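Engineer:
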Amino acid sequence: MLLCFGLFSWFPIARAVVMSFQFTNLVTAPEFVGTENFTYVLSDPLLPVAVGNTLYFAVLALLFGYPIPLLAAVAMSEVRRARGLFAALAYLPVVVPPVVAVLLWKTFYSGSDTGVFNTVAGWFGAGPFPWLQHPDWAMPSLVLEATWAAAGGTVIIYLAALTSVPPELYDAAEVDGAGIWRKIWHVTLPQLRPVLFITLILQIIGTSQVFTEPYLFTGGGPANSTTTILLMIYNYAFGGRGDYGAATALSLMLAVVLAILSAIYFRATRRWSTT
Numbered sequence: 001m002l003l004c005f006g007l008f009s010w011f012p013i014a015r016a017v018v019m020s021f022q023f024t025n026l027v028t029a030p031e032f033v034g035t036e037n038f039t040y041v042l043s044d045p046l047l048p049v050a051v052g053n054t055l056y057f058a059v060l061a062l063l064f065g066y067p068i069p070l071l072a073a074v075a076m077s078e079v080r081r082a083r084g085l086f087a088a089l090a091y092l093p094v095v096v097p098p099v100v101a102v103l104l105w106k107t108f109y110s111g112s113d114t115g116v117f118n119t120v121a122g123w124f125g126a127g128p129f130p131w132l133q134h135p136d137w138a139m140p141s142l143v144l145e146a147t148w149a150a151a152g153g154t155v156i157i158y159l160a161a162l163t164s165v166p167p168e169l170y171d172a173a174e175v176d177g178a179g180i181w182r183k184i185w186h187v188t189l190p191q192l193r194p195v196l197f198i199t200l201i202l203q204i205i206g207t208s209q210v211f212t213e214p215y216l217f218t219g220g221g222p223a224n225s226t227t228t229i230l231l232m233i234y235n236y237a238f239g240g241r242g243d244y245g246a247a248t249a250l251s252l253m254l255a256v257v258l259a260i261l262s263a264i265y266f267r268a269t270r271r272w273s274t275t
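Those letters in the sequence shown? Residues 1 to 275, by the UniProt record's numbering.
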């Protein structure tokens, strides 16, 4: 087990660190260039745009993708019948392959009057909307699909965590006259605090590495409005220049930033998540 893990996990990480200090296209012999790859990446005028887009995606995903699974799980926990059916329906988008889901939603996002979403909007006298064709609409459209695709897994996690909440706490809250919202605020959320902290940092890390949606939906457009850090890494390696050194340099910087952010986050929330 350790041999397989080292071969397929630790060795690629160590190889990436070495490649970040080399100019290599995996065809010709690698050339040691020191920190030139890092300098090249940091001087790339597209980097601030990609960082801003990634942060924008992360913020939108947290605003919509973080509370929605929690609210859905709490609502399902209150259902007395067919709870398993609702859980299966919530998890169904996770089963759909990401590429298939994106291609399906891409047809829904057609900017014509006959597009699925524009047709629905037309029923209410709105639209048509340029879902993927306008820089202001493209990123929110990506976040909407990503939330739909990933929320089901978090819903299942919350449903499992809710089973560990002692029922007598809800009984005591009802005796005190608490309604559904006060029970959620004073009982459910405090009991789920450790799980909430873990899912939050996992979502921050996941949204910082978004690639599939911008690559398949828009290719980074329109006008680089959906170019993210991972899409830049892909373009460095496979976008014509074939510069794997620059790609691994940017990958390494992203990994360091996420590691520092995670360490700060866990240190800041250590007491809150246990008391």
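Don't be surprised by glycine CBs; every beta carbon is placed ideally from N, CA and C.
Please read all numbers here as calculations on a predicted model, not as lab measurements.
Using a 10 Å radius around the Cβ and a threshold of 16 neighbouring Cβ atoms, would you call Asp243 buried or exposed?
Structural biologist: buried
Engineer: Taking the alpha helix (DSSP H) that Ala268 belongs to, which residues open and close that run?
Structural biologist: Segment 244 to 268, the alpha helix (DSSP H) holding Ala268.
Engineer: Give the list of continuous alpha helix (DSSP H) stretches no shorter than 4 residues that lie fully inside the segment 59 to 122.
Structural biologist: 67 to 78, 83 to 95, 98 to 108
Engineer: Checking the sheet assignment: what are the DSSP bridge partners for Phe32?
Structural biologist: Gln22
Engineer: Suppose the cutoff is 8 Å on Cβ atoms and the five residues either side in sequence are ignored; what does the same chain contact list for Ser262 look like?
Structural biologist: Ile201, Ile205
Engineer: Just the Cα atoms here: how many angstroms apart are Thr114 and His186?
Structural biologist: Distance from the CA atom of Thr114 to the CA atom of His186, rounded to whole angstroms, is 47 Å.
Engineer: Work out the CA separation of Val94 and Ala150 for me, nearest whole Å.
Structural biologist: Going from the Cα of Ala150 to the Cα of Val94 covers about 6 Å.
Engineer: Quick check on Trp131: does DSSP put it in helix, strand or coil?
Structural biologist: If DSSP states are grouped into helix, strand and coil, Trp131 belongs with coil.
Engineer: Since Val79 and Phe86 are thought to touch, with beta carbons under 8 Å apart, how far apart are those beta carbons, to the nearest angstrom?
Structural biologist: 6 Å
Engineer: Taking 6 Å as the limit between beta carbons, can you name the residues of its chain near Ala237, skipping five residues before and five after?
Structural biologist: Tyr244, Ala247
Engineer: Can you look up Asp136 in the DSSP assignment and give me helix, strand or coil?
Structural biologist: helix
Engineer: Using only alpha-carbon positions, find the residue among Gly34, Phe266, Gly111, Ser110 that is nearest to Pro194.
Structural biologist: Of all alpha-carbon atoms in Gly34, Phe266, Gly111, Ser110, the one lying nearest the alpha-carbon of Pro194 is that of Phe266.
Engineer: Evaluate Ser112 with the Cβ neighbour count: other Cβ atoms within 10 Å of its Cβ, from every protein chain shown; 16 or more gives buried, anything less gives exposed.
Structural biologist: Exposed is the label assigned to Ser112, since fewer than 16 other Cβ atoms lie within 10 Å of its Cβ.
Engineer: When you compare the segment 20 to 35 with the segment 45 to 55, are there three or more beta-carbon pairs, one atom per stretch, that lie closer than 8 Å?
Structural biologist: no
Engineer: Specify the secondary structure class of Asp176 as computed by DSSP and reduced to three states.
Structural biologist: coil
Engineer: Expressed to the nearest angstrom, what Euclidean distance is found between the alpha-carbon atoms of Gly174 and Leu2?
Structural biologist: It is worth fixing the name first, because residue 174 is Glu in this sequence and not Gly. If I take the Cα positions, the gap works out to 52 Å.
Engineer: Under 7 Å between the Cβ atoms of Leu230 and Gln209?
Structural biologist: yes
Engineer: Please report the distance separating the alpha-carbon of Trp10 from that of Ile157.
Structural biologist: Approximately 29 Å between the Cα atoms of the pair.
Engineer: Roughly how many angstroms separate the alpha carbons of Trp148 and Leu92, rounded to a whole number?
Structural biologist: 10 Å
Engineer: Closer than 6 Å by C-beta to Val116: which residues in its own chain qualify, once you throw out the five before and the five after it? Chain order, please.
Structural biologist: Phe108
Engineer: Is it buried or exposed, Gly179, if we count other Cβ atoms within 10 angstroms and call 16 or more buried?
Structural biologist: exposed
Engineer: I'd like to know if the segment 157 to 173 and the segment 32 to 42 are in contact, where contact means that at least 3 CB-CB pairs between them fall below 8 Å.
Structural biologist: no
Engineer: Pop quiz: Thr227 and Asn53 are said to be a contact at Cβ under 8 Å. What is the actual Cβ separation, rounded to whole angstroms?
Structural biologist: 6 Å
Engineer: Kindly indicate which three-state DSSP category Met1 falls into: helix, strand or coil?
Structural biologist: coil
Engineer: So, under 8 Å CB-CB, Leu73 and Leu196 are touching, yes? Tell me the CB distance rounded to an integer number of Å.
Structural biologist: Looking at the sequence provided, one finds Ala at residue 73 rather than Leu. Contact between Ala73 and Leu196 fails: their C-beta atoms lie close to 11 Å from each other, not under 8 Å.
Engineer: How far does the alpha helix (DSSP H) with Gln203 in it reach, from first residue to last?
Structural biologist: 193 to 208
Engineer: Taking the continuous alpha helix (DSSP H) assigned at Met233, which residues delimit it?
Structural biologist: Here residue 233 turns out to be Ile, not Met, going by the sequence shown. Element bounds for Ile233: 229 to 238.
Engineer: Once DSSP output is grouped into helix, strand and coil, what is the label at Trp222?
Structural biologist: Checking the displayed sequence, the identity of residue 222 turns out to be Pro instead of Trp. Reduced to three states, the DSSP call for Pro222 is coil.
Engineer: Using a 10 Å radius around the Cβ and a threshold of 16 neighbouring Cβ atoms, would you call Ala268 buried or exposed?
Structural biologist: exposed
Engineer: Determine the DSSP secondary structure at Ser165, reduced to helix, strand or coil.
Structural biologist: For the record, residue 165 in the displayed sequence is Val; it is not Ser. Here Val165 sits in coil by DSSP.
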